[in-house]
Structures are given as C-alpha cells and as structure tokens.
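So the number in this note's numbering is just where the residue sits in the sequence shown, counting from 1, plus 899.
Cβ atoms here follow ideal geometry from the backbone N, Cα and C, with glycine treated the same way.
Here the structure comes first, spelled out in structure tokens, and everything after it is commentary.
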Amino acid sequence: MKNSNKVIFTKVENSRGWLNLILLLMLIFILIFYLSNNYIISISSSLILSFLIFILMNKKWFKKISFDEKSFNVVYLYNLFGKQKYSWPYSSINKIVYYEYMSKTPAHCKVIGKDKSVNRFDYNAKVQDSLFIFIKSKGVEVEYYNKDSNQYRK
C-alpha cells in the first residue's frame, strides 16, 4: 500500500553544526591550553566539553522539515538519544509565527506547539501564501511579525 500523503512544503537545511562545533572545540582548546600549558589535558578536556555541547545542541540542527496533509514533520540530523524523526498532527500545533527579514536574522518561522515546544526554521517567502493558506485550512493560527509593528526595530 502506497503512502498517499501529499507533501505541501519541504525545507532541507544545510547543517552548519559541524563548523560551529569545530570552532568551539578550537576555542576551548586554546583557552584550556593557555591555562594549563599541557597538550594532553587540553585535548582531552576540549573533546569532552565539545561532546557535551554536541549532546545539548543536537535538537537545534535538523535535516528536513516538511508539512504534509496530516502532520508537521521534523527529521533531525544528529539525534543521539531518542527518535530521529518526529511528527506533530496539526491539532497539537498552537500557532505559527512568521518573522520577516530583520537586520541580523533571515526570514523564519516558529512553530509553537500546545505543549509550549518551539521549532524554528529559516523560510523562503516565495511559497508563503500557499503554505499559510493550507495551514489556516487545518485550523492553525498564523501570525505575521512585522518589524514596522515593533517600535524598537524602526
């Protein structure tokens, strides 16, 4: 039996997590080497600290986000503990907030669940209207955050 679930929107994210982790590893190594002046202690402690940071940050690096007929799906790239793919039905999503491009952040969406969970992903405005019309038809509230409506961003 073939899965007839039509995919409405798919976003594949290029993970910059490894680059961030390597830079963080180098900074930790330099700091510890500066304090202890011992290569073995510096390398081992920087590897341990970077592994702990990797475990804490792995939920922020995802591989793919998709909206289909039944649910909102997230596939994580580096999930060491737990499932690698999560699906949320539209009934468990409270609202979706669209933030337009601002001075330091690209245009992005935040999917806010009823359990207060938040998933943020960069978003291309080319398919904005068709995706948001589909999401509104599923009973999910869509908010637009405009920088002109925020008095501190003018």
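{"Query": "Classify K984 as helix, strand or coil using the three-state DSSP reduction.", "Result": "strand"}
{"Query": "Buried or exposed for S945, please, with buried defined as at least 16 other CB atoms from any protein chain shown within 10 angstroms of its CB.", "Result": "buried"}
{"Query": "Short check: CB of K1060 to CB of Y989, under 8 angstroms?", "Result": "Absent from the structure is residue 1060, since the part of the chain shown begins at 900 and ends at 1053."}
{"Query": "DSSP on K1013, reduced to helix/strand/coil?", "Result": "coil"}
{"Query": "So what does E1042 bridge to, in DSSP terms?", "Result": "V996"}
{"Query": "Note down, in chain order, each residue of its chain lying with its Cβ closer than 6 angstroms to the Cβ of K901, except the 5 sequence neighbours on either side.", "Result": "Bear in mind that the predicted position of K901 carries a pLDDT of just 46, short of 50, making it unreliable; the figure below should be weighed with that in mind. Contacts found: none."}
{"Query": "Taking S949 and L930 to be in contact with their CB atoms under 8 angstroms, please state how far apart those CB atoms are, rounded to whole angstroms.", "Result": "Between L930 and S949 the Cβ distance is about 12 angstroms, and since that is not below 8 angstroms, they are no contact."}
{"Query": "Rounded to whole angstroms, what is the Cα-Cα separation between V1017 and N936?", "Result": "42 angstroms"}
{"Query": "To the nearest angstrom, how far is the alpha carbon of I954 from that of N919?", "Result": "14 angstroms"}
{"Query": "Quick check on I1011: buried or exposed, where buried means 16 or more other Cβ atoms within 10 Å of its Cβ?", "Result": "buried"}
{"Query": "Fully enclosed by the region 914–952, which alpha helix (DSSP H) runs are 4 residues long or longer?", "Result": "916–935"}
{"Query": "Name the two residues that bound the continuous beta strand (DSSP E) containing Y1073.", "Result": "With the chain covering only 900 through 1053, there is no way to say anything about residue 1073."}
{"Query": "So who's on the other strand from K1037, going by DSSP bridges?", "Result": "Beta-bridge pairing links K1037 to no other residue."}
{"Query": "From this set, I952, L976 and Y985, which residue's C-alpha is nearest F966's C-alpha?", "Result": "Y985"}
{"Query": "What is the DSSP secondary structure of Q1050, reduced to helix, strand or coil?", "Result": "Annotation note: pLDDT 46 at Q1050 (below 50); position unreliable, coordinate value reported separately. DSSP places Q1050 in helix when its eight states are reduced to three."}
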